[in-house]
Each structure stands twice: as structure tokens, then as C-alpha cells.
Amino acid sequence: MILLQQTPPLAPTPEEGRSWLQRELARPEYHDLDLIERIMRWIERTLSDGIPSAGDVPWAQTVAAMVVFALLLVGIGLLVSRARRSPRVARDRNGDVLTDESLSAAALRARAEAAYAAGDHGTAVIDGFRALARRQVERGRLAEDPGLTAAEVAASLEREMSLDGRAGQAAELFNEVLYGHHPATREQAEGVLALEQELAVAR
């Protein structure tokens with residue numbers, strides 16, 4: 003009687019399973035596919051090629067294989083969660099100016115001045131630039147858009163007014179202070195507040 007050679011059961015350790023997932027996702031042919039699609043293809047291929055049925059292997063090996071794939075699913079969940087957060091993080095780094103707060107330009111300006119008086123120059127820069135942007139929205143120069151970035155505000159103002167790049171410099175400072183957590187100096191806060199005041203009276 004001819005005995006058919008059985009494929010050895012696949013029962014990797016959790017460490018081996020994680021290593022396989024990392025190596026598989028690093029392969030170049032995956033770079034042109036959607037993240038979830040390429041992970042699911044790899045799992046389907048592994049299931050069809052390497053995992054025998056539960057009746058063909060001892061129960062301990064079946065349990066081990068199930069544990070490995072549970073760990074893989076957890077890893078996939080983390081990857082997908084990180085991928086979904088990435089666009090928002092990138093957008094935040096560009097400097098959203100208009101928040102969900104329903105504060106007027108005057109209220110933001112008052113808050114910026116209070117922060118400046120208290121020696122909190124970073125907050126004075128942030129609220130001062132937001133007051134600047136909000137005032138331009140109130141005057142109809144900018145559209146009401148919660149996703150409006152500091153760079154977009156500056157570019158619009160530089161096109162319409164002769165500001166010699168000061169709006170762009172204020173926008174860069176806003177991003178550095180709010181998202182880069184850089185400290186602001188008294189002179190920098192004064193510059194943003196002066197620009198906001200200049201634009202407040204401009205026609």
C-alpha cells in the first residue's frame with residue numbers, strides 16, 4: 003500500500019507568527035494594494051496552503067494555530083487603527099485654525115491679550131492667530147471651514163493684502179507653538195497681536 007506523505011502541521015509560536023506577519027507585510031508586491039486587502043490575502047493564502055484540518059492534527063497543535071492567528075488579528079487591528087489615525091495626525095500637523103469653539107474674533111483677541119499679560123506667550127500666539135483668522139471669516143474674506151489651516155489663512159491674506167510675508171511667518175509660528183510645542187517669546191506674541199490688530203482695522 004502506498005502511503006501519502008502528509009504536509010507537516012503548521013504550529014508556529016506566537017513570536018514566529020508575529021515575525022511571519024512582519025516579513026510578509028514588508029514584501030514589495032503589497033505596496034500597491036490596500037492595507038486590509040493585502041493582509042486578508044496573506045491570511046487566506048496561509049490558511050489554504052499551510053493549516054490542515056482539525057481532524058488531521060492533534061488538538062494541541064490546532065489550539066496553538068488558533069492562538070497564533072488570534073495574535074495576528076490583534077496585530078491587524080492595531081495596524082488598521084494606526085492607518086486610520088494617520089490622515090488626521092497629518093492634518094493636525096498642518097495647523098487647523100478654526101476650532102469647534104463658537105468664539106468671536108473679539109473674544110479670542112481678549113483671551114490672547116489676557117494670556118500675554120499673564121506671561122503665557124505661547125497661548126497669546128495661538129489665540130492671537132485664531133482671532134486673526136476668525137475676524138477674516140466674520141468679514142467674509144475667508145470661508146467658514148473648521149479644517150482651515152494656518153498656511154491657507156496666510157496664503158489667502160498674502161494674496162489680498164500687502165503683508166510682506168508676515169502672515170506666513172505668523173502661520174509658521176502658530177504651527178510650531180501649537181503642534182511642535184515650541185516656546186514663544188514675548189516679541190513673537192507681540193508680533194502676532196500687532197498683525198491681528200492691523201488686519202482688524204484694514205479695509
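Each position in the sequence shown, counted from 1, maps to that position plus 2 in the working numbering. Glycine included, C-beta positions come from ideal geometry on N, C-alpha and C.
Quiz item: CA-CA distance, T187 and A108?
Solution: 23 Å
Quiz item: Between which two residues does the alpha helix (DSSP H) harbouring S158 extend?
Solution: A152 to E162
Quiz item: Near A133, what residues of its chain come up, given a Cβ to Cβ distance below 7 Å and the 5 sequence neighbours on each side ignored?
Solution: A107, L110, R111, A114 and E198
Practice problem: Could you tell me the distance, in whole angstroms, from the CA atom of A196 to the CA atom of V203? | Solution: 11 Å
Quiz item: Leaving out five residues before and five after A173 in sequence, what residues of the same chain have Cβ atoms less than 6 Å from its Cβ?
Solution: A152, A153 and A156
Exercise. Determine the extent of the alpha helix (DSSP H) in which H183 is found, giving its start and end residues.
Key: From DSSP, H183 is part of no alpha helix (DSSP H); its letter is neither H nor E.
Self-check item: Nearest residue (CA-CA) to H184, options A145, G130 and H123
Solution: H123
Self-check item: Neighbourhood of T125 by C-beta, 6 Å cutoff - its chain only, sequence neighbours within 5 removed
Solution: A117
Quiz item: Can you tell me the Cα-Cα spacing of G130 and V70, whole angstroms?
Solution: 53 Å
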